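Residue numbers (the numbering used here), protein chains in the order written: chain A, 228 to 424; chain B, 228 to 424. The C-beta atom is built at its ideal place from N, Cα and C for all residues, glycine as well. If you're wondering where the values come from, they're calculated on a predicted model, not measured in any experiment. Shown next, in structure tokens, is the structure this report addresses.
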DNA sequence: ACAGGCTCTGACCGATCGGTCAGCTAATTT
DNA sequence: AAATTAGCTGACCGATCGGTCAGAGCCTGT
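Have a look at this one:
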């Protein structure tokens, strides 16, 4: 047995993330699913509707995470706990995040993508408040864009058969080092030390 | 006076990077340049030819960098010097790198992009040799994909009017901390220290 | 004055795009 | 058994895609 609607969502998500929304035709999605183009448009009345359905869970989860985040300022422990939660989000919705990051600007006319763009901006505002230094803003951009890219390119980078737990642990370590506040002496040290090699 | 060919290359590069190769029509490029679609196809006999011309300088420079790199193993000082050189490359060819990173896999049938993919693989092999740990490979992916994303999204991240020197210095600091060998004690320290907050 | 490039253009081509529609089949409901 | 519904399909639509082509305008060298 199979669920055509769910299959189509998964296929569309993979193709949209890999070849781009504009670069993926309904015909191609139908072929991969073993259906006709008409069948795809039976389940989802338009290409845009299919996109919305494919990314909706990621949008919902991201909204939920951000709302819980913005009600309070985080302590150092809370910040680390959030990072762990956010890494789980990245691992589960890597394709969606990759889409938002790389195709968000060019798909602003699609409402659901516009909401995603807004979420990214809000996340950036949390990590790098208005008072943040340029380096801090850069660190956030590198962490977000880099994680999304790396997680969607594991095979080409040569560690696609790595157990999830190991990926998760390493990602938390890397992002923690990258995103810890610049003012934090424990984090300000390394770059200086390394420069002085 | 103006140089239509050079203008078209620059416009095409910006559009290809922002909206994707598949998502950018020749007509749109022509409109931005103030020309007709036919004129674009006069200067570049096909869309693919235009893409090749737009990214060729980046390919050449990248090839040159890699060839100089692969003839020898780098010392710690040499590694830092290379990183500085590579950051300059990233700053100058940010759009091209962003294209290779995000559209490379879906444009393998375009010869010039296939060469770019090969260059990225060779760079990855240099930074994270076969013996490298998973975390090291992840760090490389995050650094490369993150830098390309961040540099192409400065405006949306809120530091688009930052002087280049400051961006350059911060990027070197960040990438140094990210890419220094894991075995290096000077670099292994920070993530542990931060985890222990 | 004339000839030959260089730049540019609109008209046109086949292919593909997203999307509509009438109708087929098999399962479910009544 | 009859009627309805869900799932799916091919034929078809207008728009847009990348690309071709014959020629118009212009500038230069002779």
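Buried or exposed for residue i, please, with buried defined as at least 16 other CB atoms from any protein chain shown within 10 angstroms of its CB.
{"i": "residue 248/B", "result": "buried"}
{"i": "residue 356/A", "result": "exposed"}
{"i": "residue 265/A", "result": "exposed"}
{"i": "residue 333/B", "result": "buried"}
{"i": "residue 376/B", "result": "buried"}
{"i": "residue 267/A", "result": "buried"}
Could you tell me the boundaries of the alpha helix (DSSP H) in which residue i lies?
{"i": "residue 397/A", "result": "391-406"}
{"i": "residue 367/A", "result": "361-378"}
{"i": "residue 232/A", "result": "231-246"}
{"i": "residue 339/B", "result": "338-354"}
{"i": "residue 258/B", "result": "253-260"}
{"i": "residue 387/B", "result": "Residue 387/B -> no alpha helix (DSSP H), and no H or E assigned at all."}
{"i": "residue 249/A", "result": "That residue, residue 249/A, is in no alpha helix (DSSP H); it is neither H nor E in DSSP."}
{"i": "residue 288/B", "result": "274-297"}
{"i": "residue 317/A", "result": "303-319"}
{"i": "residue 266/A", "result": "264-270"}
Report all residues from its chain with a CB closer than 7 Å to the CB of residue i; omit the five preceding and five following residues, and keep chain order.
{"i": "residue 351/B", "result": "367"}
{"i": "residue 314/B", "result": "395, 398, 399 and 402"}
{"i": "residue 412/A", "result": "At residue 412/A the pLDDT is 41, less than 50, meaning the model places this residue with poor confidence and gives no usable figure here."}
{"i": "residue 275/A", "result": "337"}
{"i": "residue 326/B", "result": "243, 244 and 282"}
Kindly say whether residue i, judged by its beta-carbon, lies nearer than 8 Å to any beta-carbon of chain A.
{"i": "residue 286/B", "result": "no"}
{"i": "residue 300/B", "result": "no"}
{"i": "residue 289/B", "result": "no"}
{"i": "residue 260/B", "result": "no"}
{"i": "residue 322/B", "result": "no"}
{"i": "residue 364/B", "result": "yes"}
{"i": "residue 351/B", "result": "yes"}
{"i": "residue 318/B", "result": "no"}
{"i": "residue 312/B", "result": "no"}
{"i": "residue 384/B", "result": "yes"}
{"i": "residue 333/B", "result": "yes"}
Contact criterion: CB-CB distance below 8 Å. Does residue i meet it with respect to chain B?
{"i": "residue 326/A", "result": "no"}
{"i": "residue 377/A", "result": "yes"}
{"i": "residue 401/A", "result": "yes"}
{"i": "residue 398/A", "result": "yes"}
{"i": "residue 369/A", "result": "yes"}
{"i": "residue 305/A", "result": "no"}
{"i": "residue 425/A", "result": "For chain A, the structure presents residues 228 to 424; residue 425/A sits outside this window and is missing."}
{"i": "residue 294/A", "result": "no"}
Could you name the residues of the same chain whose beta carbon sits closer than 6 Å to that of residue i, not counting the 5 residues immediately before and after it, in chain order?
{"i": "residue 251/A", "result": "242 and 243"}
{"i": "residue 364/A", "result": "355"}
{"i": "residue 335/A", "result": "341"}
{"i": "residue 289/B", "result": "346"}
Keeping to the same chain, check which residues put their C-beta closer than 8 Å to that of residue i; ignore five residues upstream and five downstream.
{"i": "residue 369/A", "result": "405"}
{"i": "residue 318/A", "result": "378, 391, 394, 395 and 398"}
{"i": "residue 338/B", "result": "279"}
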